[in-house]
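Heads up: the structure comes next, in structure tokens.
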Amino acid sequence: MTRKQTAAALWMAVMAAIGIWGFFNFRDNSLNYRLKNAQHVEGLQYLPNFVNNRAFSSGFDWDGEAEKITVVIPDTVEFYNSSRTFRVTKLGGFFGRDVPCAFGPMLPVGSRAGQTIYSDSDDLESARERYPDAPVRDLTVHLSVGRYVSEIPLPAASLLYQEQEGDGAIWRVTYWVDCDENNQTFYSEDGKLYLRADDTPVTQLTYGEDG
């Protein structure tokens, strides 16, 4: 093989690799996650991607009063308007034109309550200044991570202000995590989530004293 032929072969290989990368990147593009397709299934909110049969969970039900709840992320989920099965691969994500959607607690529809979510627990002082009369309470989420979850693109909600009929409270949200042993990306130990690749802790979740 001549030098020109070798260079041409390498160029073709590079272009093929770029094409494959672009194909899979498009399939998981945020434009394929549409807010109008959001669905609520067994206490979890999802945004499905009908191109690659994946979904991310955008949040979980919380009544605004419980201090401890359990949230189980399933391996797969089925939606009422599709006969297909979708793998749950992310906690939080982006939809539309890169609109961020962090994973966290959601108050029931029609509860006549509102909430402001902060992604950084360091915002506690700012929340106290804004709501000086609000008590500070703690919500512990026992989070079970499913087999196919491979990404947490955004910091999960770790602080929120919840208001109902004039009264409000500042809630610190912490997570105690266990992970499916067959998950290829993450594992859990002592309530924390770690990357299998290098054993580093996943910082997108805020852990409590026991985690």
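Counting in my numbering, the sequence shown runs from 249 upward without gaps. For each residue, glycine too, the CB sits at the ideal point set by N, CA and C.
1. Nearest CA to the CA of Ala303: which residue from Leu391, Trp310 and Gly341?
2. Give the list of continuous beta strand (DSSP E) stretches no shorter than 3 residues that lie fully inside the region 376-420.
3. So, is Val380 buried or exposed, given that buried needs 16 or more other C-beta atoms within 10 angstroms?
4. If we ignore side chains and look at the alpha-carbon of each, how far apart do Leu391 and Val425 end up?
5. Inspect the CB distances between the region 387-406 and the region 305-320 and report whether three or more fall short of 8 Å.
6. Leaving out five residues on either side along the sequence, give the residues of the same chain with a beta carbon under 7 Å from the beta carbon of Ala445.
7. Assign Leu453 to one of three DSSP states: helix, strand, or coil.
8. What does the alpha-carbon distance come out to for the pair Arg420 and Leu295?
9. Would the beta-carbon of Gly365 fall within 9 Å of that of Leu408?
10. In the structure shown, what three-state DSSP assignment does Asn273 receive?
11. Using CA atoms only, rank isn't needed, just tell me which of Leu279, Val384 and Leu355 is closest to Gln412.
12. Name the residue from Ser306, Ser406, Asp428 and Glu399 whose alpha carbon lies nearest to the alpha carbon of Val347.
13. Compare the C-beta of Glu437 against all C-beta atoms of chain C and say whether one is closer than 9 Å.
14. What does the alpha-carbon distance come out to for the pair Tyr435 and Pro383?
15. Less than 9 Å between the C-beta atoms of Gln432 and Ser406, yes or no?
16. Looking only at its own chain, which residues have a Cβ that is under 7 Å from the Cβ of Phe343, when we skip the five neighbours before and after it?
17. Roughly how many whole angstroms lie between the Cα atoms of Phe271 and Phe298?
18. Let me know the secondary structure DSSP gives Asn430 once reduced to three states.
19. Look at the alpha carbon of Ala415 and the alpha carbon of Gly312, and state the distance between them as a whole number of angstroms.
20. Given a cut-off of 9 Å on the beta-carbon distance, is the pair Ile400 and Phe351 in contact?
21. Can you have a look at Thr448 and say buried or exposed, based on whether 16 or more other CB atoms are within 10 angstroms of its CB?
22. State the CB to CB distance for the pair Arg332 and Asn301, rounded to an integer number of angstroms; the pair is presumed to be in contact (CB under 8 Å).
Answer, in terms of the structure:
1. What you label residue 303 is simply residue 55 of the sequence shown in a count that begins at 1. Nearest option by C-alpha distance: Gly341.
2. The region 376-420 contains these whole beta strand (DSSP E) runs: 384-393 and 407-412.
3. For this step, residue 380 is matched to residue 132 along the sequence shown. The question names Val, but residue 380 is Pro in the sequence shown. Flag for Pro380 reads exposed.
4. In the sequence shown, counting from the first residue as 1, residue 391 sits at position 143. In the sequence shown, counting from the first residue as 1, residue 425 sits at position 177. The alpha-carbon atoms of Leu391 and Val425 are separated by roughly 5 Å.
5. yes
6. By one-based count along the sequence shown, residue 445 stands at place 197. Cβ within range, chain order: n/a, list empty.
7. Here residue 453 corresponds to residue number 205 of the sequence shown, with the count starting at 1. Looking at Leu453 - three-state DSSP - the assignment turns out to be coil, as it is neither helix nor strand.
8. In the sequence shown, the residue the question calls residue 420 occupies position 172. In the sequence shown, the residue the question calls residue 295 occupies position 47. Roughly 25 Å separates the two Cα atoms.
9. By one-based count along the sequence shown, residue 365 stands at place 117. By one-based count along the sequence shown, residue 408 stands at place 160. Note that residue 365 is Ile in the sequence shown here, rather than Gly. Cβ atoms of Ile365 and Leu408: closer than 9 Å.
10. In the sequence shown, counting from the first residue as 1, residue 273 sits at position 25. For Asn273, the pLDDT reaches just 42, beneath the cut-off of 50, and the residue's location in the model is therefore unreliable, leaving the point undetermined.
11. Mapped onto the sequence shown, residue 412 falls at position 164. Cα-wise, what sits closest to Gln412 is Leu355.
12. Taking the first residue of the sequence shown as position 1, residue 347 is located at position 99. The residue with the shortest Cα to Cα distance from Val347 is Ser306.
13. The structure shown contains no chain C; it is built from a single protein chain.
14. As a first step, residue 435 must be located in the sequence shown, where it is residue number 187. As a first step, residue 383 must be located in the sequence shown, where it is residue number 135. Spanning the two alpha carbons is a distance of roughly 35 Å.
15. In the sequence shown, counting from the first residue as 1, residue 432 sits at position 184. In the sequence shown, counting from the first residue as 1, residue 406 sits at position 158. Contact: no.
16. Counting from one through the sequence shown, the residue named residue 343 turns up at place 95. Around Phe343: Ser278, Tyr281, Arg282, Leu283, Leu295 and Cys349.
17. Counting from one through the sequence shown, the residue named residue 271 turns up at place 23. Counting from one through the sequence shown, the residue named residue 298 turns up at place 50. Its pLDDT being 36, under 50, Phe271 is placed unreliably by the model, and the measurement read from it follows with that caveat. Roughly 15 Å between the two C-alpha positions.
18. Along the sequence shown, read from residue 1 onward, the residue named residue 430 stands at position 182. Coil at Asn430, not helix or strand.
19. For the purposes of this step, residue 415 is taken as the residue at position 167 of the sequence shown. For the purposes of this step, residue 312 is taken as the residue at position 64 of the sequence shown. This sequence places Asp at residue 415; Ala is not what is there. Asp415 and Gly312: Cα-Cα distance of roughly 12 Å.
20. Residue mapping note: residue 400 aligns to position 152 of the sequence shown, counting from 1. Residue mapping note: residue 351 aligns to position 103 of the sequence shown, counting from 1. Yes, they are a contact pair.
21. Locating residue 448 in the sequence shown gives position 200, where the first residue counts as 1. Exposed, since its Cβ has fewer than 16 Cβ neighbours within 10 Å.
22. Residue 332 sits at position 84 when you count from the first residue of the sequence shown. Residue 301 sits at position 53 when you count from the first residue of the sequence shown. With a Cβ gap of about 6 Å, Arg332 and Asn301 count as contacting.
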